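Q:
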Amino acid sequence: MDSSWWLHMGSVRMLIDPWLVGSEVDYFRWFNTQWHRTPPIEPKDLPDWDIVVITQKYPDHLHPETLRALNPTEVWAPGHTHATLKRLLPAARLVDPRRGPLLRAHLKVRWLESTRRLDPIYEGVVFDDGTVSIVLAPHGLQVTPAHQTIFQGISPCAALVVPLRRYALPTVLGGAVAPGAGNAKALLDLVNPAQVIPTHDEDKHGSGLIPRLAHITPFDPNHWPEIAERVRKLGNYAPITLGRSLPAPR
Numbered sequence: 000m001d002s003s004w005w006l007h008m009g010s011v012r013m014l015i016d017p018w019l020v021g022s023e024v025d026y027f028r029w030f031n032t033q034w035h036r037t038p039p040i041e042p043k044d045l046p047d048w049d050i051v052v053i054t055q056k057y058p059d060h061l062h063p064e065t066l067r068a069l070n071p072t073e074v075w076a077p078g079h080t081h082a083t084l085k086r087l088l089p090a091a092r093l094v095d096p097r098r099g100p101l102l103r104a105h106l107k108v109r110w111l112e113s114t115r116r117l118d119p120i121y122e123g124v125v126f127d128d129g130t131v132s133i134v135l136a137p138h139g140l141q142v143t144p145a146h147q148t149i150f151q152g153i154s155p156c157a158a159l160v161v162p163l164r165r166y167a168l169p170t171v172l173g174g175a176v177a178p179g180a181g182n183a184k185a186l187l188d189l190v191n192p193a194q195v196i197p198t199h200d201e202d203k204h205g206s207g208l209i210p211r212l213a214h215i216t217p218f219d220p221n222h223w224p225e226i227a228e229r230v231r232k233l234g235n236y237a238p239i240t241l242g243r244s245l246p247a248p249r
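Using my numbering, the letters of the sequence shown correspond one by one to residues 0 to 249.
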């Protein structure tokens with residue numbers, strides 16, 4: 000559902016960036032308000048899950064209303080989100096995967112940390128069960144030497160989960176907040192995934208300043224055949240699973 004995912008890997012069941020109720024507001028409603036065009040699954044109808052993973056600090060990833068409804072006991076999220084999460088979920092155990100590889104059962108989590116210190120700051124994550132890996136970059140990724148070192152050590156990549164459309168704002172408001180297919184192709188060349196799963200590409204309803212200023216370039220499969228041949232589009236309520244539904248890495 001846009002950038003919200005359920006992932007079962009290494010015996011760990013995760014909800015990633017859940018936004019399942021209400022709208023998303025950046026700072027003020029007049030600045031940016033968005034809501035899903037397709038109604039999301041209700042929290043009560045979710046498959047069983049163990050942990051919530053938050054990849055970014057922004058409210059379409061760290062969604063307060065959804066987190067209150069879910070009330071998770073454990074959240075994996077970068078340290079700069081913990082103050083907000085403590086206010087929302089005072090009883091939850093907060094774990095910062097950026098402090099080093101996070102190990103749970105047969106799952107290793109490696110954070111793809113940004114070197115930027117000014118907004119917008121977008122990061123990614125690698126989930127690796129020792130047999131295959133999934134690379135998730137909800138806003139694409141500006142690859143650093145540290146990222147390249149991580150990629151060299153991961154299991155064969157079963158899926159690259161990345162936006163394919165380009166979403167750009169004026170530079171003063173963040174520039175290309177989703178760099179689109181060009182960045183996806185660069186990541187594809189690095190990790191050689193068996194498939195590419197589009198994420199964060201929903202054509203959401205919106206109001207306020209940001210939707211009026213945004214310039215969106217849809218993914219053109221004819222221009223990017225190397226990506227198109229590996230794209231696997233999941234339905235609005237489809238989980239990311241490992242097994243027969245994912246082909247073996249190439």
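Note that beta-carbon positions come from the ideal geometry of N, C-alpha and C, so glycine has one too.
Predicted model only: the values in this text are computed from it and were never measured.
#1: According to DSSP, is V171 part of a helix, a strand, or is it coil?
#2: The alpha helix (DSSP H) spanning H138 covers which residue range?
#3: Label E228 either buried or exposed according to how many other C-beta atoms from any shown protein chain fall within 10 Å of its C-beta, with 16 as the threshold for buried.
#4: Pull up the distance between the alpha-carbon of A91 and that of R109, whole angstroms please.
#5: Would you kindly work out how many angstroms separate the C-alpha atoms of E290 and G123, rounded to a whole number?
#6: What whole-angstrom Cβ distance do P77 and R97 have, given they're in contact under 8 Å?
#7: By Cβ distance below 6 Å, which residues in the same chain neighbour D127 in space, the five residues on each side in sequence not counted?
#8: Going by CA-CA distance only, name the one from A167, D118, T170, L189 that's closest to V142.
#9: Taking all protein chains shown into account, decide if S10 is buried (16 or more other Cβ within 10 angstroms of its Cβ) or exposed.
#10: Between T54 and P137, is the Cβ-Cβ spacing less than 7 Å?
A: Looking at the atomic coordinates:
#1: helix
#2: Here H138 belongs to no alpha helix (DSSP H), and DSSP marks it neither H nor E.
#3: exposed
#4: 21 Å
#5: In the structure as shown, the chain starts at 0 and stops at 249, and residue 290 therefore has no counterpart that could be examined.
#6: 5 Å
#7: K107, I153, S154
#8: L189
#9: exposed
#10: yes
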